[in-house]
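Before any comments, here is the structure.
Have a look at this one:
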């Protein structure tokens, strides 16, 4: 019976024709112009009170509303699938919204398609990978704050044994792990960072297991690049210290948290929306990759356990980064001894996104 | 804590003794009569329809009451739920886009449940199917004109391969398929993550999803809204499922496998083969649903394309009582709930969790109405 079914499906598949779906990019030379005043809406990938990524956007949205004197409606829990994203975005567009802010890497393809379908609407996508005449993806140079937080971690750790709970091993995460270790070496030359990848962005159970395993191995400061505050909560329970990601984690672990990476999305959204409204917005074909000084992620530092001298040293280093110091400056070799950045060189953005190596001192599963 | 719990039952026992002592205890209750619940042997189609509609209306009324209490005007509700979805082509298309894969996973669950095989592993089979289809796409197997049919066939094979182990173990050594299919979901998901973070990572931007399928590997658009050939494919599969379950001899045999496979065996009917065929078809359908989402909507293999579909499929099959027309109706209903929920979120700033609550209330009411179909209630005086 199944055999009789399959040919039917084959016919359906064959008949589907072989036409392409994505057209060629329209060459967008002129700056993008809206038809009316900007009407902004935000589409969140997770819940807006998740304590991390989503909440950072929610807080940025509220500050943007206040600064620009506009209402920005938000819809949350839109998962990374085109069948979920499309109807939400199209509902907004149908009711006259012309600036759509997305918040997930998994929105990239759908936003690209929508941007081509609605050339009069501006699309911004946090942590996306696609860009176009009316679409700009934006993300932060998260390695800068992690480098600074690594300095706090190295200074507070007794022997320099640091742990790190990370989501998935690819460029975006690897560069925070490496920066953390590089920062820790500034304050404790023998520091090591033992990293555990949980394989998920938001899995409190696995994050707790990973954090507890790290504590069992004798680490005394725990960093993180996952979406929940769990590693910080474990640090507080175990009486050790930690550094947070996304938001100021001292809210969850006031004693334990030394330093956190904090997103200030309003620092990017406010000027960008203003430019869109004024008709002077020119989306970067490579996306906006924000440093601290461009409104990228910054630090909330430092917790009570960080000595004053170290806190001052971190602030000095932060200023140096704002003034142009690069975290990934040569000479830099990976832990296998291969040269990655020659002396006097700087790691390119393309190599950052591809980063699949670790600096000496990072200990990880293979 | 101990003392009260020892004394607490005391009055109750006394009460029971008192009741025994005075036989005609509650004359007032006797006058009211009492409710008796009996099993209904047969319910006419009309009655079934009426009861289901009653359940649906009750659920919608509860949901509406919650929304009105949250400050949304009743007129706006009618606008969002009825007018916006029926009259707006975007919303109607969104319901269909949402409904097509839901119908197929619902059918997959229905086929397996028909032979009492509790397939909880639909998501794993979707992933296995999508991985198999992506192998065909990434390695450019076959000429471009045959690429999509090959991907479809690979997805069906991948899905049934993923269910083959559980069904053989169940038939041979009686291993509980609820556990085996459920756990294989995690195996499939981790295999997917391994591929996406490893060899199949998109070489263009190093992000953890496969590279885009070539145009010849994507289900083309139909030309109205963003509907693709996934929709006719779903229609054909549903038609086939209806024929298989309701018309064919095989469908009749699944009825026996559902009711009493041992009796079927004693009658010389090929029960093992029926169970095997139905479950493999279930896995194949789940695999095809994975292919449909990847080739029709995502245009690549992503990490979370299957998430949520497994339990939706089980729910749909349950509400549809394992029938293909029922699956179609319930899938469209769930798709409507989803789209209406999104528009509530978008325009009234209702959080997603509240929308899920409303959807759950409606689904529970529909599911509970089943009780009135299977049981007869009577007032006895």
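Protein chains in written order, with the UniProt record's numbering: chain B, 1 to 366; chain F, 1 to 381. Glycine included, each C-beta is placed from N, C-alpha and C at the ideal position.
Top-ranked residue by Cα proximity to residue i, from the options
i, options, result
"residue 165(F)", "145(F), 144(F), 187(F)", "187(F)"
"residue 178(B)", "113(B), 122(B), 192(B)", "192(B)"
"residue 80(B)", "117(B), 107(B), 88(B), 143(B)", "107(B)"
"residue 293(B)", "342(B), 242(B), 255(B), 145(B)", "145(B)"
"residue 174(B)", "133(B), 225(B), 270(B)", "225(B)"
"residue 289(B)", "105(B), 89(B), 141(B), 96(B)", "141(B)"
"residue 382(F)", "127(F), 370(F), 289(F), 310(F)", "Here chain F covers residues 1 to 381 and nothing more, so residue 382(F) does not appear."
"residue 221(B)", "200(B), 201(B), 195(B), 340(B)", "195(B)"
"residue 172(B)", "207(F), 196(F), 199(F), 158(F)", "207(F)"
"residue 276(F)", "320(F), 257(F), 176(F), 98(F)", "257(F)"
"residue 317(B)", "148(B), 49(B), 86(B)", "148(B)"
"residue 372(F)", "322(F), 49(F), 141(F), 33(F)", "49(F)"
"residue 348(F)", "76(B), 223(B), 152(B), 260(B)", "76(B)"
"residue 129(B)", "105(B), 211(B), 271(B), 120(B)", "105(B)"
"residue 103(F)", "269(F), 221(F), 334(F)", "334(F)"
"residue 59(F)", "147(F), 376(F), 360(F), 336(F)", "360(F)"
"residue 56(B)", "296(B), 363(B), 281(B)", "296(B)"
"residue 266(B)", "37(B), 45(B), 72(B)", "72(B)"
"residue 172(F)", "376(F), 273(F), 33(F)", "273(F)"
"residue 65(B)", "303(B), 270(B), 337(B), 54(B)", "270(B)"
"residue 297(F)", "220(F), 265(F), 140(F)", "220(F)"
"residue 312(B)", "364(B), 280(B), 152(B), 339(B)", "152(B)"
"residue 434(F)", "125(F), 280(F), 235(F)", "Residue coverage of chain F in this structure runs from 1 to 381, which leaves residue 434(F) outside it and unanswerable."
Span of the beta strand (DSSP E) around residue i
i, result
"residue 161(B)", "161-166"
"residue 365(F)", "It is not in any beta strand (DSSP E) - residue 365(F) instead sits in the alpha helix (DSSP H) that spans 352-374."
"residue 196(B)", "192-197"
"residue 358(B)", "Element bounds for residue 358(B): n/a, residue is neither H nor E."
"residue 136(B)", "135-140"
"residue 289(B)", "288-290"
"residue 318(B)", "Unbroken run through residue 318(B) is the alpha helix (DSSP H), 308-322; no beta strand (DSSP E)."
"residue 125(B)", "122-126"
"residue 167(F)", "Per DSSP, residue 167(F) belongs to no beta strand (DSSP E); it is in the alpha helix (DSSP H), 144-173."
"residue 340(B)", "339-341"
"residue 41(B)", "40-43"
"residue 34(F)", "34-39"
Integer-rounded CB distance, given that residue j should sit under 8 Å from residue i
i, j, result
"residue 160(B)", "residue 154(B)", "6 Å"
"residue 111(B)", "residue 135(B)", "6 Å"
"residue 352(F)", "residue 47(B)", "7 Å"
"residue 106(F)", "residue 286(F)", "So it is not a contact: roughly 10 Å between Cβ atoms."
"residue 161(F)", "residue 151(F)", "15 Å between Cβ atoms; not a contact."
"residue 99(F)", "residue 283(F)", "Going by Cβ atoms, the distance from residue 99(F) to residue 283(F) rounds to 21 Å, so no, they are not a contact pair."
"residue 122(F)", "residue 109(F)", "6 Å"
"residue 131(B)", "residue 231(B)", "Residue 131(B) to residue 231(B), Cβ: 33 Å. No contact."
"residue 394(B)", "residue 205(B)", "Nothing in the structure corresponds to residue 394(B), since chain B is present only between 1 and 366."
Segment limits, alpha helix (DSSP H) that includes residue i
i, result
"residue 149(B)", "143-156"
"residue 123(F)", "122-138"
"residue 235(F)", "230-242"
"residue 55(B)", "53-68"
"residue 184(F)", "177-197"
"residue 365(B)", "Taken as a continuous stretch (DSSP letters only), residue 365(B) belongs to no alpha helix (DSSP H), as it is neither H nor E."
Using a Cβ cut-off of 8 Å, which residues of the region 184-197 of chain F contact any Cβ in chain B, in chain order? Look at the region 184-197 of chain F: the residues with a C-beta under 8 Å from a C-beta of chain B are 190, 193, 197.
Along the region 216-234 of chain F, where does the CB come closer than 8 Å to a CB of chain B? Name the residues. Residues passing the 8 Å Cβ filter: 216, 218, 219, 220, 221, 226, 228, 229, 232, 233.
What alpha helix (DSSP H) runs, 4 residues minimum, are completely inside the region 79-115 of chain B? Taking only runs of at least 4 residues, the alpha helix (DSSP H) segments lying wholly in the region 79-115 of chain B are 82-94.
Contiguous alpha helix (DSSP H) assignments of at least 4 residues, all confined to the region 43-93 of chain F: Scanning the region 43-93 of chain F from its first residue to its last, the whole alpha helix (DSSP H) runs of 4-plus residues come out as 45-69, 74-78, 84-87.
With 9 Å as the limit, tell me which residues of the region 62-84 of chain B have their beta carbon closer than that to any beta carbon of chain F; keep them in chain order. So the close ones are 73, 74, 75, 76, 77, 78, 79, 80, 81, 82, 83, 84.
Contained beta strand (DSSP E) runs [length at least 3] in the region 229-281 of chain B, N- to C-terminal order: You should have 241-244, 257-262.
Which residues of the region 164-188 of chain B have a Cβ closer than 9 Å to any Cβ of chain F? Give them in chain order. Result list: 168, 169, 170, 171, 172.
For the region 99-119 of chain B, which residues have a CB atom closer than 7 Å to at least one CB atom of chain F, in sequence order? Sequence-ordered contacts of the region 99-119 of chain B with chain F read 105, 106, 109 [C-beta pairs closer than 7 Å].
Could you name each continuous beta strand (DSSP E) segment of 3 residues or more that falls completely within the region 267-333 of chain F, going from the start of the chain to the end? For the region 267-333 of chain F, not a single whole beta strand (DSSP E) run of length 3 or above is found.
Taking a Cβ distance cut-off of 8 Å, strictly less, list which residues of the region 291-313 of chain F are near chain B, in chain order. Cβ contacts with chain B come from 293, 297, 298, 299, 300, 302, 303, 304, 305, 307, 308.
Chain-ordered residues of the region 317-340 of chain F with a beta carbon less than 7 Å from chain B: From the region 317-340 of chain F, only 339 have a Cβ closer than 7 Å to chain B.
What residues from the region 345-359 of chain B come within 7 Å of chain F, judged by C-beta to C-beta, listed N to C? Listed by position along the chain: 353, 354.
In the region 205-216 of chain F, which residues sit with their C-beta less than 7 Å from some C-beta in chain B, listed in chain order? Sequence-ordered contacts of the region 205-216 of chain F with chain B read 205, 206, 207, 208, 215, 216 [C-beta pairs closer than 7 Å].
Chain B contacts from the region 254-275 of chain F (Cβ-Cβ distance under 9 Å): Within the region 254-275 of chain F, no residue qualifies.
Any residues in the region 97-125 of chain F with a beta carbon nearer than 7 Å to a beta carbon of chain B? Which ones, in chain order? For the region 97-125 of chain F, the set of positions with a beta-carbon nearer than 7 Å to some beta-carbon of chain B reads 97, 98 in chain order.
At a Cβ cut of 7 Å, what residues of the region 123-145 of chain B count as close to chain F, listed as they run along the chain? Residues 129.
Contact list for the region 268-289 of chain B against chain F, Cβ threshold 8 Å: If the cut-off is 8 Å between Cβ atoms, the region 268-289 of chain B has nothing near chain F.
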